[in-house]
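First comes the structure, then the notes that go with it.
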Amino acid sequence: MHTAPNQYFPFLCVLREGERERAAMASQSSEPTKIMMAVNESSIKGYPHASISSRTAFEWTVAKLVRSNAAGFRLLFLHVQVPDEDAFEDMDSIYASPEDFHNMNEKDRIRGLHLLEYFVNRCHQYEIPCEAWIKKGDPKELICSEVKRVKPDLLVVGSRGLGPFQRVFVGTVSEFCAKHAECPVITIKRKPADAPPDPIDD
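Under UniProt numbering, the sequence shown has 7 at position 7, and the numbering climbs by one with no breaks.
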C-alpha cells in the first residue's frame with residue numbers, strides 16, 4: 001500500500017463532450033487504464049467497513065470494466081477523511097492534551113488504512129494492480145484536486161441514490177465530481193435492496 005508523508009496513501013455515466021473518445025483510446029493503449037475510485041467508510045453505527053456504495057462501485061468496476069483483463073487496468077483508491085468537527089458538540093468544555101489529539105488522529109489513520117486494506121486485498125484476489133492513499137479535508141474538493149494531480153483515465157464514485165429533497169440537505173460528492181472533475185466520471189448507484197432503513201446512511 002502506497003502512502004506519502006501527509007497520509008498520502010443502476011449506473012449513471014457522465015461523460016463530457018469528447019471524453020468518451022478519449023476514454024476509449026486510453027483503454028486501447030499499451031499503458032494500463034488508470035481508474036481512480038473514491039471510497040469511504042460506512043456511516044452505519046457498529047459497522048466499521050467500507051460503505052455500501054463504495055463496495056457496489058468496486059464490484060461494478062471489476063465486473064463491467066476490468067472483467068478478465070486485470071493486467072490492462074490499475075485501480076487508484078482515494079479515501080478522504082473528513083475532520084470530525086462535531087466530535088465534542090455535546091461538551092461544554094474540552095480538556096485535552098496534545099497527546100490526546102495525537103491519539104485521535106492515529107485512530108483515524110488506522111481506520112482509514114483498514115478501509116483501504118479491504119479494497120487492496122480485493123484487488124489482490126483479482127490480481128489487479130492498485131494503489132491507495134489517504135487525504136484529509138473536504139471530499140468534494142480533494143477528489144477533484146487529486147484527479148487533476150494524478151490524471152486518471154476515469155473516476156468512479158459510489159452514490160446512495162438519494163432523491164432531490166434528500167440531496168438538498170445532504171449534498172452529494174458524486175454530483176460535484178461529475179461537474180468538476182477533469183476526467184470522465186462514472187457514478188454507480190447502490191442497489192435499492194442494499195439500502196439501510198435510513199437511506200442517508202451508507
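Even for Gly, the Cβ is constructed at its ideal location relative to N, Cα and C.
What are the start and end residues of the alpha helix (DSSP H) that includes residue 140? Run containing residue 140: 139-150, per the alpha helix (DSSP H) assignment.
Identify, in the order they occur along the chain, each residue of the same chain with its Cβ nearer than 8 Å to the Cβ of residue 203, setting aside the five sequence neighbours on each side. This structure leaves residue 203 out entirely; the chain is present only between 1 and 202.
Evaluate the contact criterion for the stretch 144-156 versus the stretch 115-129: three or more CB pairs, one atom per stretch, below 8 Å. Contact fails: fewer than three Cβ-Cβ distances are below 8 Å.
What whole-angstrom Cβ distance do residue 189 and residue 159 have, given they're in contact under 8 Å? Indeed, because the Cβ distance is near 5 Å, the residues count as touching under 8 Å.
Residue 156 beta carbon less than 7 Å from that of residue 207: Past the edges of the chain, shown from 1 to 202, lies residue 207, and the structure says nothing about it.
Going by beta-carbon coordinates alone, are residue 75 and residue 128 separated by less than 7 Å? Going by beta carbons, residue 75 and residue 128 fall inside the 7 Å limit.
Local Cβ density within 10 Å of residue 11, reported as buried at 16 or more and exposed below that: Low local confidence applies: a pLDDT of 42 at residue 11 is under 50, so the model's placement there is unreliable, and no value is given.
Quick one: residues in its chain with C-beta nearer than 8 Å to the C-beta of residue 91, no 5 flanking neighbours on either side, listed in chain order? With a pLDDT of only 43 at residue 91, under 50, the local geometry of the prediction cannot be trusted, and the value read off the model is given with reservation. Closer than 8 Å at the Cβ level, and outside the excluded window around residue 91, lies no residue.
What separation, rounded to the nearest whole angstrom, lies between the Cα atoms of residue 73 and residue 108? Residue 73 and residue 108 have their C-alpha atoms some 30 Å from each other.
Rounded to whole angstroms, what's the CA-CA distance from residue 69 to residue 176? Just pull it up for me. Take the alpha-carbon of residue 69 and the one of residue 176: they are about 30 Å apart.
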